[in-house]
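Participant: Under full-length UniProt numbering, think of the first position of the sequence shown as 1, with each following residue one higher.
Shown below is the structure under consideration.
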Amino acid sequence: MTFLLVTLHILVCFALIVVVLLQSGKGAEMGASFGASGSQSVFGAGGGSTFMSKLTTSAAIIFMLTSLALAFASGKGGGSSIMSKAPKAKPAPMGGMPLQQPVAPAAPGNAAAPAAPAAPAAPAAPAAPAQK
Numbered sequence: 001m002t003f004l005l006v007t008l009h010i011l012v013c014f015a016l017i018v019v020v021l022l023q024s025g026k027g028a029e030m031g032a033s034f035g036a037s038g039s040q041s042v043f044g045a046g047g048g049s050t051f052m053s054k055l056t057t058s059a060a061i062i063f064m065l066t067s068l069a070l071a072f073a074s075g076k077g078g079g080s081s082i083m084s085k086a087p088k089a090k091p092a093p094m095g096g097m098p099l100q101q102p103v104a105p106a107a108p109g110n111a112a113a114p115a116a117p118a119a120p121a122a123p124a125a126p127a128a129p130a131q132k
């Protein structure tokens with residue numbers, strides 16, 4: 001449907017440009033009154049201006065209708081957002097301590113025991129002030 005509207009809109013746009021460019025200006029009637037009446041002899045005497053103005057009006061109406069239809073069609077989006085496809089964030093662990101993985105029990109035939117994690121070093125006591 002949208003492809004058909006865009007195609008019709010582009011065709012009417014070019015037709016409107018051609019119709020406007022083919023129209024004679026305001027000063028053309030002056031030259032026709034002095035004997036240069038070959039400019040609109042195809043449409044008869046005075047018939048060309050009404051035909052061209054009707055053609056311009058109809059092309060402009062179709063152009064406006066397709067413009068409104070395309071604006072309405074583009075405003076009715078699918079309703080999806082890229083934020084709805086984003087993965088959910090995991091909550092941060094509480095207490096400031098990192099989460100520890102449970103250690104699996106050692107197999108009975110395994111001689112090497114897993115090494116225990118090293119304990120953090122205790123803070124050193126402050127030195128006593130020297131007396132003199």
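Each residue gets a CB set at the ideal place from its N, CA and C atoms; glycine is no exception.
#1: Mark Ala-71 as exposed unless 16 or more other C-beta atoms lie within 10 angstroms of its C-beta, in which case mark it buried.
#2: Consult DSSP for Ile-10 and reduce its assignment to one of helix, strand or coil.
#3: Quick check: the stretch 18-25 against the stretch 82-91, are at least 3 beta-carbon pairs closer than 8 Å?
#4: Let me know the secondary structure DSSP gives Ser-67 once reduced to three states.
#5: Can you have a look at Thr-7 and say buried or exposed, based on whether 16 or more other CB atoms are within 10 angstroms of its CB?
#6: On a Cα-Cα basis, can you pick out the residue from Lys-76, Met-1 and Leu-55 that is closest to Val-18?
#7: DSSP state of Met-52, grouped into three classes?
#8: Which residues in the same chain have their Cβ closer than 6 Å to the Cβ of Phe-63, if we skip the five residues on either side of it in sequence?
Facilitator: So, from the listed chains and residues:
#1: Here residue 71 corresponds to residue number 71 of the sequence shown, with the count starting at 1. Counting Cβ neighbours within 10 Å, Ala-71 comes out exposed, since fewer than 16 surround it.
#2: For the purposes of this step, residue 10 is taken as residue 10 along the sequence shown, with counting starting at 1. Reduced to three states, the DSSP call for Ile-10 is helix.
#3: Short answer: they don't touch.
#4: Reading the sequence shown from its first residue, position 67 is the one you call residue 67. The three-state secondary structure of Ser-67, taken from DSSP, is helix.
#5: Reading the sequence shown from its first residue, position 7 is the one you call residue 7. Looking at its Cβ environment, which holds fewer than 16 other Cβ atoms inside 10 Å, Thr-7 is exposed.
#6: Taking the first residue of the sequence shown as position 1, residue 18 is located at position 18. It is Leu-55 whose Cα lies nearest to the Cα of Val-18.
#7: The residue you call residue 52 lines up with position 52 of the sequence shown. Residue state, collapsed to three classes: helix.
#8: By 1-based counting over the sequence shown, the position of residue 63 is 63. The residues are Val-12 and Leu-16.
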